[in-house]
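The next block holds one structure in the form of structure tokens; read it before the comments.
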Amino acid sequence: MTIDKGVSVNSLFSKFLSYLHTYHNNAVIIISKSLLLSLFRFNFHTMETSRNPWIMFLPILFISLFYTTGSLSQTSSAIRLKLARAGLKREVRMRAGKAFKIAVFADLHFGEDAWTNWGPLQDVNSIKVMNTVLDYETPDFVIYLGDVITANNIMIGNSSLYWDEATSPARNRGIPWASVFGNHDDAPFQWPLEWFSAPGIPPIHCPQTTTSYSYSGEEECSFRGTGRLELMKNEIKHNASFSSYGPRNLWPSVSNYVVQVSSSDDPQSPVAFLYFLDSGGGSYPEVISSGQAAWFLQKSEEINANSRVPEIIFWHIPSKAYKVVAPKFGIHKPCVGSINKEKVAAQEAETGIMDLLVKRTSVKAIFVGHNHGLDWCCPYKKLWLCYARHTGYGGYGDWPRGARILEITHKPFSLRSWIRMENGNVHSEIVLS
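Quick note on numbering: UniProt numbering labels position 272 of the sequence shown as 272, and the sequence is numbered without any gaps.
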């Protein structure tokens, strides 16, 4: 690096920060800024290079930071991992003067029937749906509402390869996201019965595995499945993922956590809390346990005493309360939606979570997936029970694909929602709060 005579320290400082923002994550930027600012604390930033002997140390500092940011990035990843394991809440901020918009993608079912010609094509089409929605809506946040993959159809040892593909539309745009598990995400492999009749097992071509799961030869094809913990560990390595393991004592349930939506001018001022709960299925029963209900009660009282801040809930499999409010024929007011083509496939048991949510005045709505042929919202006592919209081309049903959109405004608080379809059309607009 050469320093031209007359170039201000301020200019060099700006150029280096530009490099940091381009190539490194927020933790690296913050640490690097702190180091640089400490060097200039005694008004060095007002002096020219030709008159400031201390500036000779700038190249050394820049080179040192260049070679250490890699280890700082690893440190940042370790910090994110600890936060995720502890289930500590993270915050995402609204943009000044803008509503906070969320795109909800449900039931993508990546990796389904990968040994067929149409299986991989489904994933391509699902990517197109998500890209269309993101292009139209330009959301601030994305939620993957379970059944991201169809694990019971995935033969490779590392299902995270398909998970990464499913989250790529948000990741490639730099949009932060969060996910919650569904009943298919870690389901054990199901051998197709037709494989045991003529012509037998078809040729299987497994994608190359990552270095984290290094297999060789035929071992690249595996039928052991990938567990919830493995899937979560892979996802949270990405800077933009807000997902979390949640408390260890809730195992085998994984993905129980909360994300805070903060105001644009004050990160300590919450506008809403987004709660994510694992509704089970796959490797264990389809249920939200009494332990999860107790965790929600404790966590909500801890971070939102007296129910002052609105709360929005997300899980995959509908609770039995959805059966109570489900429209019988068609969809009529006060319910709002466009398809009501199947019966509610609810969780196996109710262990207390709904009683808590109904009693808590700050809870505005619950959003689920699981049923591909339902997209309605219906009132239940003082809150709303809503379905998302089947987004993926994987999974059953041939109804047109789309995504549920949520829009949060502040001062006063409001929660609006609508469905954005794969052809760009919008329908089922509703004010939920």
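A virtual CB, placed ideally from N, CA and C, is assigned to each residue, including glycine.
Legend entry - When V336, T351 and I201 are compared against G291, the one with the closest alpha-carbon: Among V336, T351 and I201, the Cα nearest to that of G291 is on T351.
Legend entry - Secondary structure of P169, DSSP reduced to three states: For P169, the secondary structure class from DSSP, reduced to helix, strand or coil, is helix.
Inset, instruction - Along the beta strand (DSSP E) that carries F273, what are the first and last residues, could you check? - result: Note, F273: beta strand (DSSP E), P270 to F276.
Inset, instruction - Could you check the C-alpha separation between I175 and N256 for me, to the nearest Å? - result: Those two C-alpha atoms are separated by around 21 Å.
Inset, instruction - With DSSP collapsed to three states, give me the class of K382. - result: Coil, per DSSP.
Inset, instruction - Within 10 angstroms of the Cβ of N371, are there 16 or more other Cβ atoms? Answer buried if so, exposed if not. - result: It is buried - the Cβ of N371 has at least 16 other Cβ atoms within 10 Å.
Legend entry - Beta carbon of D185 nearer than 9 Å to that of G119: Not closer than 9 Å, so no.
Inset, instruction - Find the nearest neighbour of K139 within the set S428, S417 and E235, judged by alpha-carbon distance. - result: Here residue 139 is Pro; the residue named in the question, Lys, does not match the sequence. Per the Cα distances, S417.
Inset, instruction - Rank Y275, K128, Y245 and E422 by C-alpha distance to the C-alpha of F110 and give the top, closest one. - result: Ranking the options by Cα distance to F110, first place goes to K128.
Inset, instruction - For the beta strand (DSSP E) containing F105, list its first residue and its last residue. - result: First-last of the beta strand (DSSP E) with F105: F100 to F105.
Inset, instruction - Report, in whole angstroms, the separation of the C-beta atoms of G394 and L161, which I expect to be a contact under 8 Å. - result: At roughly 15 Å, the Cβ-Cβ gap does not stay under 8 Å, so G394 and L161 are not in contact.
Legend entry - Sufficient close CB pairs (3 or more, under 8 Å) joining the region 261-272 to the region 187-195: Too few Cβ pairs lie closer than 8 Å, so no.
Legend entry - Nearest-angstrom Cα separation, counted from V133 out to I405: V133 has its alpha-carbon roughly 9 Å from the corresponding atom of I405.
Legend entry - Assigned secondary structure, L229 (DSSP; H/G/I helix, E/B strand, else coil): Note: L229 maps to helix in three-state DSSP.
Legend entry - Those runs of the alpha helix (DSSP H) which lie wholly inside the region 289-349 and span at least 4 residues: You should have 290-303 and 321-325.
Legend entry - C-beta atoms of L145 and V325 nearer than 9 Å: Going by beta carbons, L145 and V325 fall outside the 9 Å limit.
Inset, instruction - With a threshold of 16 other CB atoms inside 10 Å of the CB of residue 457, please say whether the residue is buried or exposed. - result: The requested residue 457 is not part of the displayed model; the chain covers only 1 to 433.
Legend entry - Opening and closing residue of the beta strand (DSSP E) in which V431 lies: In the DSSP assignment, V431 falls within the beta strand (DSSP E) that extends over V426 to V431.
Inset, instruction - Could you spell out where the alpha helix (DSSP H) holding Y136 opens and where it closes? - result: In the DSSP assignment, Y136 falls within the unbroken alpha helix (DSSP H) covering W118 to E137.
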